[in-house]
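Numbering (our numbering), first residue to last: 506 to 678.
By construction, the Cβ of each residue, glycine as well, lies at the ideal position given by its N, Cα and C atoms.
Notes to accompany the following structure.
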Amino acid sequence: MTRRRGWLVRRLPVGMQEDRTMTGLVAILEEVSETVQQQADHIPFLADPSVTPEFLLPWLGRFVDAPGSENLPEPDRRDLLRDTGSLILRKGTREHITTLIKPYLVGPIDLLEDGGIYREGESGRCEGIIVVRAVAIAHGTAADLYKLVRSITPVHCQIRIEIAGQTVAPVDA
């Protein structure tokens, strides 16, 4: 958005608008500030994954805590960042984890975890085990997927990745 020339000078008190030195200095400041204001005008678009420039997608991925999104094709990255951003208040939940790992896997995803929120004295046995099952890996390797799950789950959790019935990342100690 371009502002009309003289927008800052017109905001000076009437007495100062008659001072040529003052209006000249303010006009210079107005000219210099135009590029900064143009950048500020674009901030809402930079945080929108559907229109942000591709080179800013890694920054946006770190901002919404979508680690490893650089391994995905651009359209998948944009979808992942949009979906993850909408789940920012549900971080660490089954839905959040599934949203982050889904673009990397093929077929239906089965995410087993024994955590949850319970009333005092009503919880079952929680051992902190997370099992990810899928048909195949679409992007990256089993090690990449393991690192992704490790980075978005609590440190005490044990993680097992099973692809096509085979354990590709063992339960960690």
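Checklist entry - Can you list, in chain order, the residues of its chain whose CB lies under 7 Å from that of Ala571, leaving out five sequence neighbours each side? => result Here the question's residue 571 lines up with position 66 in the sequence shown. The residues are Leu585, Leu586, Thr589, Leu605.
Next on the checklist: Per the DSSP calculation, Glu667 is bridged to which residue(s)?
Outcome noted: Reading the sequence shown from its first residue, position 162 is the one you call residue 667. Note: Glu667 sits in a beta bridge opposite Arg638, Thr672.
Checklist entry - Just how far apart, CA to CA, sit Met521 and Ser538? => result Here residue 521 is taken as the residue at index 16 of the sequence shown, counted from 1. Here residue 538 is taken as the residue at index 33 of the sequence shown, counted from 1. For Met521 and Ser538, the gap between their C-alpha atoms comes out near 20 Å.
Checklist entry - In whole angstroms, what separates the C-alpha of Arg508 from that of Pro659? => result Start at 1 with the first residue of the sequence shown, and residue 508 comes out as number 3. Start at 1 with the first residue of the sequence shown, and residue 659 comes out as number 154. Their Cα atoms are separated by approximately 49 Å.
Item to check | Sheet register partners of Leu616 (DSSP bridge) | outcome: Residue numbering aside, residue 616 sits at position 111 when the sequence shown is read from its first letter. Per the DSSP secondary-structure output, Leu616 pairs in a beta bridge with Val637.
Checklist entry - Considering only residues of the same chain and omitting the five flanking positions on each side of Glu523, which have a CB-CB separation below 8 Å? => result As a first step, residue 523 must be located in the sequence shown, where it is residue number 18. Once the five neighbours on either side are set aside, Glu523 has no close Cβ partner at all.
Checklist entry - What span of residues does the alpha helix (DSSP H) with Glu600 cover, start to end? => result For the purposes of this step, residue 600 is identified with residue 95 of the sequence shown, where counting begins at 1. Looking at the DSSP string, the run of the alpha helix (DSSP H) that includes Glu600 is 599 to 606.
Item to check | Segment limits, alpha helix (DSSP H) that includes Pro563 | outcome: In the sequence shown, counting from the first residue as 1, residue 563 sits at position 58. Residues 562 to 568.
Checklist entry - Beta carbon of Val637, beta carbon of Ile666: below 7 Å? => result What you label residue 637 is simply residue 132 of the sequence shown in a count that begins at 1. What you label residue 666 is simply residue 161 of the sequence shown in a count that begins at 1. The answer is yes: Cβ separation under 7 Å.
Item to check | Outcome for Leu577 when other beta-carbon atoms lying within 10 angstroms are tallied against a minimum of 16 | outcome: Stepping through the sequence shown from its first residue, residue 577 is reached at position 72. Buried.
Item to check | Paired residues, beta bridge with Val494 - DSSP | outcome: There is no way to answer for residue 494, as the model of the chain reaches only from 506 to 678.
Next on the checklist: Using a Cβ-Cβ distance cut-off of 7 Å, determine whether Gly520 contacts chain C.
Outcome noted: Absent from the structure: chain C. Only one protein chain is present.
Item to check | Under 7 Å between C-beta atoms of Ile668 and Ile634 | outcome: On the sequence shown, residue 668 is found 163 positions in, with the first residue counted as 1. On the sequence shown, residue 634 is found 129 positions in, with the first residue counted as 1. Not a contact, by the Cβ cut-off of 7 Å.
Checklist entry - Can we say the region 625 to 633 touches the region 538 to 547, given the rule of at least three CB pairs closer than 8 Å? => result No: fewer than three Cβ pairs fall under 8 Å.
Checklist entry - Using DSSP with H/G/I as helix, E/B as strand and the rest coil, what is Gly511? => result Residue numbering aside, residue 511 sits at position 6 when the sequence shown is read from its first letter. Note: Gly511 maps to coil in three-state DSSP.
Item to check | Backbone secondary structure at Leu577 - three-state DSSP | outcome: For this step, residue 577 is matched to residue 72 along the sequence shown. Leu577: coil per DSSP, three-state reduction.
Checklist entry - For the putative contact between Glu579 and Arg599, defined by C-beta atoms under 8 Å, what is the C-beta separation to the nearest angstrom? => result In the sequence shown, counting from the first residue as 1, residue 579 sits at position 74. In the sequence shown, counting from the first residue as 1, residue 599 sits at position 94. Approximately 27 Å separates the beta-carbon atoms of Glu579 and Arg599; this is outside 8 Å, ruling out the contact.
Checklist entry - Which residue's Cα is closest to the Cα of Glu632: Gly620, Ala639, Val640? => result To locate residue 632, count along the sequence shown from 1; it is residue 127. The residue with the shortest Cα to Cα distance from Glu632 is Gly620.
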